[in-house]
Amino acid sequence: SKKLGTVRDATAFVGFLDSQPQVDRKRGMASTGYCMGGPMVMRTAAAIPARIKAGATFHGGGLVGTEADSPDKLIPQMKASYLIAIAENDDQRAPTDKDTLRADFAAAKLLAEIEVYAGTKHGWCPPDSRVYDAAQADKAWGRMLALFGRTL
Numbered sequence: 014s015k016k017l018g019t020v021r022d023a024t025a026f027v028g029f030l031d032s033q034p035q036v037d038r039k040r041g042m043a044s045t046g047y048c049m050g051g052p053m054v055m056r057t058a059a060a061i062p063a064r065i066k067a068g069a070t071f072h073g074g075g076l077v078g079t080e081a082d083s084p085d086k087l088i089p090q091m092k093a094s095y096l097i098a099i100a101e102n103d104d105q106r107a108p109t110d111k112d113t114l115r116a117d118f119a120a121a122k123l124l125a126e127i128e129v130y131a132g133t134k135h136g137w138c139p140p141d142s143r144v145y146d147a148a149q150a151d152k153a154w155g156r157m158l159a160l161f162g163r164t165l
């Protein structure tokens, strides 16, 4: 399945990075994802909680679901702090997702900055996107860097 493939790939790339002499294995790693990369970030953090200490998703899709292995259901397995940057039109399509995520992170006692970025459309972060919003993308990027600075 795709979900098992994500865990397999995450385990492989973290293992590869940890095998590099330049990598300080005493420090945590971070993962970022855009759109469908958002669930991959969360699955990686749940699969390798001892190594993944921070995650950021930008206009992530599919973070909340009804399946037992939905990314939001994996939060108790994580040890990472998060930035979840939500596009305004994504929030309009699924307005309760942010509240579900906030409750799940709080229950797991994990820090998570979950924000809807006003005026943004799905895909607002990459500079080559039709709906790129430079000011909001810079704001989210700065918050990600601050999170990584605090946690890694």
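Letter by letter, the sequence shown follows residues 14 to 165 of our numbering. Quick reminder that beta carbons are idealized off the backbone N, C-alpha and C, glycines included. Note that the coordinates shown come from a computational prediction; the quantities given were computed from them, not determined experimentally.
From residue i to residue j, what distance separates their C-alpha atoms?
| i | j | result |
| --- | --- | --- |
| F71 | P34 | 31 Å |
| R64 | G155 | 23 Å |
| T79 | L87 | 12 Å |
| D37 | S94 | 19 Å |
| R143 | A119 | 35 Å |
| G51 | L30 | 21 Å |
| A69 | W137 | 15 Å |
| D110 | C48 | 15 Å |
Is residue i helix, strand or coil by DSSP?
| i | result |
| --- | --- |
| T133 | coil |
| G51 | helix |
| I61 | coil |
| S101 | This sequence places Glu at residue 101; Ser is not what is there. The answer is helix: DSSP assigns E101 an H, G or I state. |
| M91 | coil |
| T109 | coil |
| A125 | strand |
| A43 | strand |
| L96 | strand |
| T79 | coil |
| G28 | helix |
| G73 | coil |
Candidates the options: which alpha carbon is nearest residue i's?
| i | options | result |
| --- | --- | --- |
| K92 | M42, Q105, A107 | M42 |
| D151 | I127, A98, M49, M55 | A98 |
| A153 | I127, A121, G74 | I127 |
| P62 | V20, L114, T113 | V20 |
| E101 | K111, L160, T133 | T133 |
| M157 | G28, G18, G46, L114 | G46 |
| Q16 | Q149, A60, D103, F161 | At residue 16 the sequence reads Lys, which differs from the Gln that was named. Looking at the Cα atoms, A60 is the closest of the given residues. |
| F161 | D146, A125, A131, P140 | A125 |
Leaving out five residues on either side along the sequence, give the residues of the same chain with a beta carbon under 6 Å from the beta carbon of residue i.
| i | result |
| --- | --- |
| T57 | A23, S44, I65 |
For residue i, I'd like the list of residues in its chain whose CB is within less than 8 Å of its CB, leaving aside the five on either flank, ordered along the chain.
| i | result |
| --- | --- |
| L123 | I88, M91, K92, A93, S94, Y95 |
Report yes or no: is there a C-beta of chain C within less than 7 Å of the C-beta of residue i?
| i | result |
| --- | --- |
| T113 | Absence of chain C from the displayed structure is noted, only one protein chain being present. |
Residues in the same chain with beta-carbon distance under 7 Å from residue i, minus the five sequence neighbours each way, listed in chain order, please.
| i | result |
| --- | --- |
| R40 | L165 |
| A116 | none |
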